[in-house]
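What follows is a set of notes on a single structure, which appears directly below.
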Amino acid sequence: MPVLRFILQRVVQAILVTLVVTLFVAFAIRLTGDPAVMLAGDSSGVTEQDLARFREALGLNDPFLVQYWGFVKSLVTLDFGQSFFRGSVRDLIGGALPATLLLAAASMAVSVCISIPLGIHSALHKGGISDQLIRVLSLVGLSFPNFWLGIMLVLLFAIAFPILPASGFQSWSALILPATTIGIILTATNVRLVRTQMLETLSAQYVMVARAKGLSEWTVIYKHALRNAAISIVTFLGLQFGNLIGGLVIIELVFNWPGMGTLSIDAISQRDYPLLQATVSILAIMIVAVNLAVDLIYGLIDPRIRVA
Amino acid sequence: MKSISAPPTRNALRLALLASVLGAAVPGASLAETVLTVAQRSDPQNLDPIDTFKISWGAIGSNVFEGLVFRGEDLELQPGLATSWEFLDEDRRIRFHLREGVEFQDGEPFDAAAVKYTFDRLLGEQGEKGPQRSNYTSIKEVVVVDDRTVDFLMNRPDPVLLTKLAGYGAMIVPPDYIEKVGEEAFDMKPIGTGPFRVEEYTPGVGVKLVKSDSYWNGAAKVDAVNIRFIPEDATRMAELQSGGVDIALDIPKPSVDTIRKSRNLELVSVDGPTVSLTRFNTQSGITADPRVRRAIAHAIDTNAIIQSLLGGMASPIASAQGAKSFGNDPDLAPYAYDPELAKTLLAEAGVAPGTEISLDYPSNDNTFREVSQVMAAYLGMVGLNLSVHPYEYNVYYNDILPNGKTGALYYYAWGGWTFDFDNTAYLLYHSGERQNAYISDPTLDALLEQQRDTYDQQVRLTALQGVADYVYEHTLDLPLYNEATLYAVNKRVGGFVPAPDNRLRYMNVTVQ
């Protein structure tokens with residue numbers, strides 16, 4: 001069964017990627033500071049014995065590979081172990097991961113809702129004023145640093161006209177500003193993608209045939225052209241979702257969004273090895289998994305890809 | 001990995017769960033309830049009083065817990081859970097008489113057994129894993145005399161003990177509750193005798209406190225306090241300006257003007273515990289020469305820095321302590337700004353104009369980043385070419401500073417909540433202290449130890465002032481300023497009393 005072998009191959013690949021990434025992270029963070037010192041704080045009277053005691057309690061005296069093996073075991077058994085400072089890693093991630101996924105999904109939704117109609121419009125009016133305007137705006141969108149856009153939206157909709165919460169996730173309306181920020185940034189790329197794909201499809205022979213048959217313009221565009229263009233658009237959006245997860249970190253900080261980005265930054269600043277290793281692993285696994293899913297969908301749609 | 005590769009069902013469930021939890025936390029559900037919303041920069045990460053040293057804990061824990069001694073916003077020690085205390089057996093025993101009719105928030109009675117349990121836990125196995133124990137090693141044992149009386153047997157005198165009993169590690173905890181729920185659950189949902197109980201703690205997000213009906217000293221004026229952790233300065237200020245929070249802590253200096261100009265907000269300032277100083281490498285390089293150190297001290301106009309960069313929200317200091325600190329010497333004046341004297345001293349020390357020196361600091365301190373640039377300009381005017389090097393916070397405090405890898409100058413900020421110079425001075429000047437890489441001086445060691453050996457406050461004051469004078473005389477440090485503790489408060493809030501040490505109490509605060 002080639003499909004099964006393909007899946008198996010990719011799963012093994014995913015595991016290897018995760019191990020390499022976490023091994024690197026585990027090694028790198030240990031070069032940058034001692035969690036025992038973080039635990040001790042700045043108190044006077046903290047002695048070297050106190051620090052040694054903390055290191056023992058945190059398991060930092062074990063050789064690196066022993067510590068790493070403990071982490072791998074905790075990953076396999078899905079219990080993720082204990083954070084150095086704040087309880088069970090699984091509980092922390094259980095709180096943060098849904099928030100990140102929700103924000104990512106909402107951002108994608110915002111982007112899809114804007115970019116598909118705009119992209120189609122642009123393609124249909126190629127060279128016209130609206131097409132040029134959309135292309136210029138998307139270039140402007142691409143050039144914005146996303147945190148800047150986020151801060152501008154906060155200034156506008158939370159301070160100047162206080163209709164939306166500035167930060168946090170106390171209510172559903174708090175989702176609007178961060179999702180819009182990321183959505184707009186993604187839209188800038190996606191509009192161009194939709195436009196190019198539509199242009200390519202519209203010039204294909206079957207579209208001309210459909211038109212020649214006298215089908216309505218609506219049927220030609222939405223039933224024939226868009227469906228075919230959709231394959232590559234969906235693929236691209238899938239890949240983008242993977243990258244998006246990693247890219248959410250800054251926006252989570254700006255909006256104090258209680259997600260994986262905020263959790264990872266906390267873990268880095270605290271030198272909380274178990275928590276950081278777990279968050280990074282999960283983000284890595286998610287990106288690999290989305291890639292795998294895209295490959296599979298692609299393979300299912302077009303059997304030639306599987307064989308390759 | 002299973003939970004990741006099965007997103008359609010499990011994550012949908014989690015999202016639904018998250019939605020319902022968050023939905024429940026939306027204020028709309030509680031029309032008659034008054035909720036005070038507070039934003040602070042950091043999450044204490046653990047609510048157990050013995051597992052933390054963080055100021056961020058103080059602003060939460062001071063509402064949930066109480067100690068035998070109480071120290072409010074005026075910094076005076078008062079009876080807390082103990083109504084009185086006496087020193088016995090030539091100060092080797094301190095006897096506390098405990099308050100009647102006090103209960104923990106779950107109804108468990110407060111008594112001598114709870115006090116003993118608290119300190120056995122702090123000094124025993126559980127305390128071993130936390131940072132607070134080192135503050136209480138002067139206590140040998142706590143002995144129950146009767147239900148309402150305990151004796152503290154001392155290993156050695158500890159003049160700061162009573163102050164310490166008013167905060168952090170010494171907060172009284174409930175034995176039955178901890179035994180019942182376990183240590184881990186206590187970290188997240190602790191119980192004390194204070195006016196608020198912890199309803200929910202969501203790491204990285206916030207803590208919800210709810211008024212405790214059984215509080216012995218009256219009832220809080222608001223039903224609940226919603227404390228949110230917002231690490232980004234800009235975001236915290238945006239929430240404040242948009243009315244999303246009633247009180248904001250950790251006000252960044254650049255926001256001071258915006259808050260002052262706002263119609264809805266009020267800036268409240270009080271002398272804080274935090275002192276900022278630049279320290280010198282006194283062992284090698286040109287700053288080993290006291291004349292060079294003194295020259296640098298005279299070359300920098302700290303008053304101008306306070307007025308221009310800190311918006312006046314700080315006081316000049318002459319030693320590493322503010323005016324409220326025990327041990328402060330009001331007669332000691334900061335080094336005068338005198339660039340001509342600085343040039344003369346540098347010439348005497350044989351330092352050629354254009355000599356390079358460097359200053360290190362932790363990169364998370366945005367205020368000091370600006371201060372350091374101004375310092376470079378001042379030093380440039382007397383012929384020293386200062387380069388500044390920011391380091392990541394942990395690298396700076398874990399490696400650069402304790403291992404003596406700093407430049408000729410390096411930054412240090414310290415905010416001992418006890419407001420007792422012992423706390424700061426011992427850390428900065430006693431030989432062998434972890435964050436004191438360069439100073440090892442028998443005179444200072446003797447003075448510091450002398451004031452730790454006695455309860456006689458006059459002896460202590462003399463010794464601590466002696467430390468400050470000695471450090472000043474030898475220019476071991478360049479004290480810069482004592483930062484004010486700033487709070488921004490929405491005008492719909494009433495009864496807010498600023499706490500110099502950030503240990504805010506929300507008991508008497510109201511919201512309209």
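Protein sequences, first through last, are from chains A and B. Residue numbers for the first sequence follow UniProt numbering, so the first one is 1 and each next one is one higher. Residue numbers for the second sequence follow UniProt numbering, so the first one is 1 and each next one is one higher. We put the CB at the ideal spot given by N, CA and C, even for glycine. Please read these numbers as outputs of a predicted model, since none were measured by experiment.
Per DSSP, which residues does His-298 of chain B bridge with? Please list them. The partner list for His-298 of chain B (beta bridge, DSSP) is empty, contrary to what the question assumes.
On a Cα-Cα basis, can you pick out the residue from A:Gln-13, A:Phe-161 and A:Leu-244 that is closest to Glu-239 of chain B? A:Phe-161
is_contact[Glu-33 of chain B, chain A] using C-beta, thresh 9 Å: no
Is any beta-carbon of chain A found at less than 9 Å from that of Ala-238 of chain B? yes
Bounding residues of the beta strand (DSSP E) (the contiguous stretch that carries Ser-387 of chain B): 384 to 391
Please specify which runs of the alpha helix (DSSP H), each continuous and at least 4 residues long, are wholly inside the segment 320 to 404 of chain B, giving them in chain order. 339 to 348 and 366 to 381
Using DSSP with H/G/I as helix, E/B as strand and the rest coil, what is Trp-218 of chain A? helix
Any C-beta of chain B sitting closer than 9 Å to the C-beta of Pro-294 of chain A? In the sequence under discussion, the amino acid at residue 294 of chain A is Val, which differs from the Pro named in the question. No - not a single Cβ of chain B is within 9 Å of the one on Val-294 of chain A.
Does DSSP classify Tyr-411 of chain B as helix, strand or coil? strand
Below 9 Å between beta carbons: does that hold for His-121 of chain A and Ser-111 of chain A? no
So Phe-147 of chain A packs on Ile-268 of chain A, CB below 8 Å; how close in whole Å? Contact flag wrong, Cβ pair sits at about 18 Å.
Neighbour flag for Gln-241 of chain B against chain A, beta carbons, 9 Å: yes
Determine, using beta carbons only, whether Asp-34 of chain A comes closer than 9 Å to chain B. yes
Whole-Å CB distance - Trp-414 of chain B paired with Gly-58 of chain B, under 8 Å assumed: The Cβ separation is near 15 Å, so there is no contact.
3 or more residues per run - each beta strand (DSSP E) lying fully within the segment 230 to 311 of chain B: 265 to 280
Looking at chain A, which residues of the segment 208 to 232 of chain B have a Cβ within less than 9 Å of any of its Cβ atoms? Asn-226, Arg-228, Phe-229, Ile-230, Pro-231 and Glu-232
Please state if the CB of Ala-82 of chain B and the CB of Phe-65 of chain B are separated by a distance shorter than 9 Å. no
Round the Cβ separation of Pro-35 of chain A and Phe-84 of chain A to the nearest angstrom and send it over; I've been treating them as touching at under 8 Å. 5 Å
Ignoring anything shorter than 3 residues or poking outside the segment 117 to 165 of chain B, list the beta strand (DSSP E) runs there in chain order. 139 to 146 and 149 to 154
The segment 135 to 146 of chain A contacting the segment 181 to 198 of chain A, beta-carbon criterion three pairs below 8 Å: yes
Three-state secondary structure (DSSP) of Ala-32 of chain B: coil
Distance between Lys-189 of chain B and Gly-61 of chain B (C-alpha atoms, nearest Å): 11 Å
Close Cβ partners of Ala-29 of chain B (< 6 Å) along its chain, the five nearest in sequence each way excluded: Confidence in Ala-29 of chain B is poor, its pLDDT being 44 and thus under 50, which makes the residue's placement too unreliable to answer from.
For the beta strand (DSSP E) that contains Ala-425 of chain B, what are its first and last residues? First-last for Ala-425 of chain B: 421 to 429, but that is the alpha helix (DSSP H), not the beta strand (DSSP E).
Give a yes or no on contact between the segment 247 to 256 of chain B and the segment 88 to 104 of chain B, applying the rule of three or more CB pairs nearer than 8 Å. no
On the three-state DSSP scale, how would you describe Asn-226 of chain B? strand
Use the C-beta contact count for Pro-159 of chain B: other C-beta atoms within 10 angstroms, 16 or more gives buried, fewer gives exposed. buried
Within 9 Å (strictly less), CB to CB, does Leu-263 of chain A reach chain B? yes
Buried or exposed (CB count within 10 angstroms, at least 16 for buried), Glu-76 of chain B: exposed
Would you report the Cα separation of Leu-51 of chain A and Gln-435 of chain B, rounded to the nearest angstrom? 13 Å
Ser-358 of chain B: CB within 8 Å of a non-hydrogen atom of the ligand ADP: In the structure shown, the ligand ADP is absent, as is every other ligand, since no ligand is present at all.
With 16 other Cβ atoms within 10 Å as the buried cut-off, status of residue 544 of chain B: Within the shown structure, residues of chain B are numbered from 1 to 512, placing residue 544 of chain B beyond reach of any answer.
Can you name, in chain order, every residue of its own chain whose Cβ lies under 8 Å from the Cβ of Leu-22 of chain B, other than the five neighbours on each side? Reliability of the predicted coordinates at Leu-22 of chain B is poor, the pLDDT of 45 falling under 50, and no value is obtained from them.
What is the DSSP secondary structure of Leu-92 of chain A, counted as helix, strand or coil? helix
Within its chain, find whatever has a CB closer than 6 Å to the CB of Ser-264 of chain A; leave out the 5 residues flanking it on each side and keep chain order. Thr-279
My output table needs one value for Gln-435 of chain B: the three-state DSSP class, helix, strand or coil. coil
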